[in-house]
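K.L.:
When we follow this note's numbering, the leftmost residue of the sequence shown carries the number 59, and every step to the right adds one. Pasting a structure here, questions to come.
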Amino acid sequence: MWVFGYGSLMWKADFPHCRRVVGYVKGYVRRFWQASEDHRGVPGKPGRVVTIIPSNDPEDCVWGVAYEIPEKHIQEVIYYLDFREKDGYDKVQVIFHPESDSTLEPFPLTIYVAHQDNPFYLGPASIQDIARQIRTAQGPSGPNREYLLKLAEAMRSLAPHVKDHHLSELEHELINLDMNETNGHRSQDEARQSNDGMSVFRFILFFFLSRRLLFILSSLRHSHKEHYDVHQ
Numbered sequence: 059m060w061v062f063g064y065g066s067l068m069w070k071a072d073f074p075h076c077r078r079v080v081g082y083v084k085g086y087v088r089r090f091w092q093a094s095e096d097h098r099g100v101p102g103k104p105g106r107v108v109t110i111i112p113s114n115d116p117e118d119c120v121w122g123v124a125y126e127i128p129e130k131h132i133q134e135v136i137y138y139l140d141f142r143e144k145d146g147y148d149k150v151q152v153i154f155h156p157e158s159d160s161t162l163e164p165f166p167l168t169i170y171v172a173h174q175d176n177p178f179y180l181g182p183a184s185i186q187d188i189a190r191q192i193r194t195a196q197g198p199s200g201p202n203r204e205y206l207l208k209l210a211e212a213m214r215s216l217a218p219h220v221k222d223h224h225l226s227e228l229e230h231e232l233i234n235l236d237m238n239e240t241n242g243h244r245s246q247d248e249a250r251q252s253n254d255g256m257s258v259f260r261f262i263l264f265f266f267l268s269r270r271l272l273f274i275l276s277s278l279r280h281s282h283k284e285h286y287d288v289h290q
């Protein structure tokens, strides 16, 4: 038995397997259109994880990793994956195409897909809205942003020649949001420091002018006294 991972299974295959092959399935695209309330979010504040969507272009590909499961562990792994992918995912059979330098021919395998009629399907949204949701969501398996960044890194490591535009745009937007927040905090800190500096400057100026005023008043009193003494 073979299973295909296109999400967290690409970097976290914590089940028995005897072989791993990088490759792709055709006629699909990978999208962050599935809600996660059990791993990367919580009820009321779900995260977003990937599913694969049938594409209008039969040449579109989703790259990932195929794992061969030893015969004696098949039932164990099926039980584990059914539980892991329990929030809206169903098993389907597709044809897997190993990468070009593999000696294997295309073969059928099992893949977990979240169809549009499942209760956790969120559907499309703008890259900005998806990135904002991912940035703030967190669940039992960790921050949703970690899921996105690890998936992007896994793609760069396993299939560096492949460009997943949806994934790379989300990663870029997430990094931009982080940078904007950091710059905003820096601007606030700089403004606070500037205000503190102005406060010190005003205090010194006030102190200097006060001393100067006291000196002038003292001089006037002294001059007035001398004038008074002369006229006595």
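Note that the Cβ used here is the ideal one computed from N, Cα and C, for glycine as well.
Could you give the distance in angstroms between the alpha-carbon of PHE141 and the alpha-carbon of VAL83?
P.N.:
Approximately 23 Å between the Cα atoms of the pair.
K.L.:
What does the Cβ neighbour count give for GLN186, buried or exposed, with the cut at 16 atoms within 10 Å?
P.N.:
Under a 10 Å Cβ-count criterion, GLN186 is classified as exposed, with fewer than 16 other Cβ atoms of the shown protein chains found around its own Cβ.
K.L.:
Taking only three categories from DSSP, how would you classify ARG270?
P.N.:
helix
K.L.:
Checking 8 Å against the spacing of the C-beta atoms, do ARG78 and ALA93 come in under that value?
P.N.:
In terms of Cβ geometry, ARG78 and ALA93 do not form a close pair [threshold 8 Å].
K.L.:
Go ahead and label LEU232 buried or exposed: buried means 16 or more other beta carbons lie within 10 angstroms of its beta carbon, across all protein chains shown.
P.N.:
So LEU232 ends up on the buried side.
K.L.:
So which of ARG203, LEU228, ASN241 has the shortest CA-CA distance to ARG98?
P.N.:
Minimum Cα distance to ARG98 is reached at ARG203.
K.L.:
From MET237, THR240, LYS221, pick the residue whose C-alpha is nearest to that of CYS119; which is it?
P.N.:
LYS221
K.L.:
Determine contact between the region 163-173 and the region 133-150, defined as no fewer than three beta-carbon pairs at a distance below 8 Å.
P.N.:
yes
K.L.:
Specify the secondary structure class of THR109 as computed by DSSP and reduced to three states.
P.N.:
It is a strand residue.
K.L.:
Do the region 120-135 and the region 66-75 make contact, defined as three or more Cβ pairs closer than 8 Å?
P.N.:
For the pair of segments examined, the region 120-135 was found to touch the region 66-75: the number of CB pairs separated by less than 8 Å reaches three.
K.L.:
Only counting runs of 3 or more residues, tell me where the beta strand (DSSP E) segments fall wholly within the region 113-173, in order along the chain.
P.N.:
119-126, 147-156, 165-172
K.L.:
THR168 and VAL61 - do their beta-carbons sit closer together than 8 Å?
P.N.:
Result yes, Cβ atoms of VAL61 and THR168 sit closer than 8 Å.
K.L.:
Quick one: complete alpha helix (DSSP H) runs, 4+ long, within the region 189-240?
P.N.:
202-216
K.L.:
Tell me the residue span of the beta strand (DSSP E) that contains ALA93.
P.N.:
86-94
K.L.:
When the Cα atoms are used, what is the spatial distance from ARG89 to ARG260?
P.N.:
57 Å
K.L.:
Could you tell me whether the Cβ atoms of VAL150 and PHE73 are closer together than 8 Å?
P.N.:
no
K.L.:
According to DSSP, is ARG98 helix, strand or coil?
P.N.:
In this structure, ARG98 counts as coil in the three-state DSSP scheme.
K.L.:
Using the C-alpha atoms, what's the distance from THR109 back to ARG214?
P.N.:
19 Å
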